[in-house]
């Protein structure tokens, strides 16, 4: 069945027009990802208006191509200029830039490109194989479970704000509130329209996303008049050739790092809220800890490029797994992808893969094909990147603001959307300035109606609220939401407070309860394993005399 | 204004907004059908937001001295003027972007997407990058090539009818 679907998907996207458009998409993504300050999410939302008139498969293949290109583009800027093109390539600069400065920019780029390729392919394979399985689990979800899953996604994303947990939660809740403006989806009554016909239609979700994310980011880029006048070429060397063969040899010697980092990327992507910006640091940290020569990290070692680049490309495969199987976006980029799917009248849900197998597999195959295209295009796009780096930031920002103006109007042909763009651009800028993270807010906007619809469905079945706490999956999501909300506090106090010694064991014990409740054979066994792990970690702490663990070098450096 | 006061002010503004929006939920009509009234979900959200805002207010009042953030520090050495003048100088570029975009939207029905877009991008580049004759020429070329190109793709390639305006009408 899977093979048949894969064949059908290949036939669907294997026509010349789609392939050419995908090449353009990958090329555009590579450049967008390479320019610091211009994020992948921005590139996808700006591509969106171009895809309206296309068949869904073609339009989505282009969006996926931009996504894959964007994930890999960040390494060009990171390695050649020392400025990461995207947050997901921050760790690449730790060793990529020193290697380039040491006279091996071609090798550094080659390692980055081929690591990205490996990460992308591994995650594409997992995407094809895991998504249907996860969707099967998703079929067990009832409205109570979906509601709690949304709450969990928002809490986890907010908890990534670390010390600013309250600000993160406020941002998420404001996102939910924004989504309530206009007619409610359950019964069609007007809410918060204040007599305005425009507000009655609600805020267009894409206009809100572009405003909050792209518009505010562009203004942040040009905020400093001196930096706005600069171009990227004022830093680092950019005239190089990629050394493919030497890079492949280096990567083949370090296949374990590739595999481990890719898996870290995929599983970080599956978790709601945790995106490439976390995965690349996590993979780098793990590679350093596992290395026989950790002192070489930061000086230009290939391991330090392989780990972050494999993981950041694998992340979106993971995020797409959750998005395609459950309809829940894992991060801002996946949220934008969800917007793209919705615009093409595709509503991801646990039944989506079963009901629309060709379309679902077309997305998977597009991810796969785009990863190959990315490798082929890197050498050529490097030359384009050199040209783009000569453009001053303010010129790029002005032009993209102009594009935003045209693109947002084209979504619905409604002028009010442009006003939405402006107001949310201001809101996003102000929120960033005051330290409110935007990711929870964007997820709140995306997930708001999913939460309300499921709450409505749950109450239509029974007005009893106890299933929110007694159904196994709902309880599972509630428990991990609670523990993830406390996680920033745990991290902060890990070296100073005794209660933190019990945090992880208790998390294991708590999670095992809903797993036991799920019944069957596998899950209770899994619950038993989880309890054993919790008991072991408790025993280890007891053996060590309940001594608090000292902070690692990395954590100490982070705390300044 | 220090961060302590600023955070407290934001929390108070949030609380006021919650109050106003909560009050407006009473004007949401409730149909005779459905278990979840249209006003219930917004009220749940507003209740949560009120609770979080109170916590935020408490946290901001408990916090110590203000911490400077990235925007406050980037040109701390260069800022000489204080008060409104200094604030305007500090936020010059973002303010210009918003003001020009605002004018772009206001004039859109008259100028249309093409002329308005060209004017917006050209003026913004001038404001951000300078008005020397060489730059003017570069900015004009970039604006025509990019906005004109984008407009042409949408109008002729994708068949999207962008606002034509009153001055220049294609269709």
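Residue numbers (this note's numbering), protein chains in the order written: chain S, 1 to 560; chain Y, 561 to 731. Backbone N, C-alpha and C define an ideal beta-carbon position, used for all residues, glycine too. It should be emphasised that the depicted structure is a prediction, and the values quoted were computed from it without experimental measurement.
query, result
"Beta carbons nearer than 7 Å to chain Y: which residues of the region 392-404 of chain S have them?", "392, 394, 395, 398, 399, 401, 402, 403"
"Taking DSSP as the reference, what is the three-state secondary structure of residue 191 of chain S?", "strand"
"Can you give me the C-alpha to C-alpha distance between residue 365 of chain S and residue 15 of chain S, rounded to a whole angstrom?", "13 Å"
"What does residue 4 of chain S pair with, by DSSP beta-bridge criteria?", "BP columns for residue 4 of chain S are empty, so no partner."
"Distance check for residue 528 of chain S and residue 212 of chain S, CA to CA, integer angstroms please.", "44 Å"
"State the CB to CB distance for the pair residue 257 of chain S and residue 303 of chain S, rounded to an integer number of angstroms; the pair is presumed to be in contact (CB under 8 Å).", "6 Å"
"So residue 474 of chain S packs on residue 65 of chain S, CB below 8 Å; how close in whole Å?", "Between residue 65 of chain S and residue 474 of chain S the Cβ distance is about 37 Å, and since that is not below 8 Å, they are no contact."
"Helix, strand or coil, according to DSSP, for residue 300 of chain S in the structure here?", "coil"
"Give the secondary structure of residue 183 of chain S by DSSP, where H, G and I count as helix, E and B as strand, and everything else as coil.", "strand"
"Comparing the C-beta of residue 223 of chain S with each C-beta of chain Y, is any distance below 8 Å?", "yes"
"What residues of chain S sit near residue 619 of chain Y, judged by a beta carbon separation below 9 Å?", "166"
"Taking 8 Å as the threshold (beta carbon to beta carbon), is residue 563 of chain S in contact with chain Y?", "The question about residue 563 of chain S has no answer, for chain S in this structure spans 1 to 560."
"When you check each C-beta in the region 190-212 of chain S against every C-beta of chain Y, which residues fall closer than 8 Å?", "190, 191, 192, 194"
"Looking at chain S, which residues of the region 575-605 of chain Y have a Cβ within less than 8 Å of any of its Cβ atoms?", "581, 584, 585, 588, 589, 590, 591, 593, 594, 595, 596, 598, 599, 601, 602, 605"
"Quick check: residue 113 of chain S and residue 314 of chain S, are their CB atoms within less than 8 Å of each other?", "no"
"Tell me, please, whether the CB atom of residue 452 of chain S is closer than 8 Å to any CB atom in chain Y?", "yes"
"Please name the residue in S:179, S:380, S:119, S:477 whose C-alpha comes closest to that of residue 68 of chain S.", "S:119"
"Just checking my contact of residue 63 of chain S with residue 374 of chain S at CB under 8 Å: how many whole Å lie between their CB atoms?", "Residue 63 of chain S to residue 374 of chain S, Cβ: 15 Å. No contact."
"Against residue 654 of chain Y, what residues of chain S qualify as contacts under a CB-to-CB distance less than 7 Å, listed in chain order?", "219, 223, 429"
"Rounded to the nearest angstrom, what separates residue 99 of chain S and residue 124 of chain S at their Cα positions?", "29 Å"
"Select from the region 693-710 of chain Y all residues with a C-beta closer than 7 Å to any C-beta belonging to chain S, and list them in chain order.", "702, 706, 707, 710"
"My guess is that residue 608 of chain Y and residue 673 of chain Y are in contact by the Cβ rule of under 8 Å, so how many angstroms apart are they, rounded?", "40 Å between Cβ atoms; not a contact."
"Residue 672 of chain Y touches chain S at which residues, Cβ-Cβ below 7 Å?", "Correct list: empty, because the minimum Cβ distance to chain S is about 11 Å."
"Where are the alpha helix (DSSP H) runs, 4 residues long or more, that stay fully inside the region 357-436 of chain S, in chain order?", "357-388, 393-412, 416-433"
"Note the first and the last residue of the continuous alpha helix (DSSP H) segment covering residue 22 of chain S.", "16-34"
"Considering only the beta carbon of each residue, do residue 140 of chain S and residue 453 of chain S sit closer than 8 Å?", "no"
"Could you please tell me which residues of the region 468-492 of chain S, in chain order, have their CB closer than 8 Å to any CB of chain Y?", "none"
"Quick check on DSSP: helix, strand or coil for residue 448 of chain S?", "helix"
"Residues in the same chain with beta-carbon distance under 6 Å from residue 565 of chain S, minus the five sequence neighbours each way, listed in chain order, please.", "Outside the shown range of chain S, which is 1 to 560, sits residue 565 of chain S, and nothing can be said about it."
"List the whole-angstrom C-beta distance separating residue 400 of chain S from residue 209 of chain S, where the pair is believed to meet the contact cut-off of C-beta under 8 Å.", "Not confirmed; about 15 Å, so no contact."
"Using C-beta distances below 6 Å, list every residue in its chain close to residue 397 of chain S, excluding the 5 sequence neighbours before and after it, in chain order.", "218, 221, 222"
"Quick one: does residue 681 of chain Y have its CB under 8 Å from some CB of chain S?", "yes"
"Helix, strand or coil: how does DSSP classify residue 581 of chain Y here?", "helix"
"On a CA-only basis, which of S:81, S:104, S:455 is nearest residue 385 of chain S? Give me that one, please.", "S:81"
"Is any beta-carbon of chain Y found at less than 8 Å from that of residue 303 of chain S?", "no"
"Roughly how many whole angstroms lie between the Cα atoms of residue 255 of chain S and residue 102 of chain S?", "24 Å"
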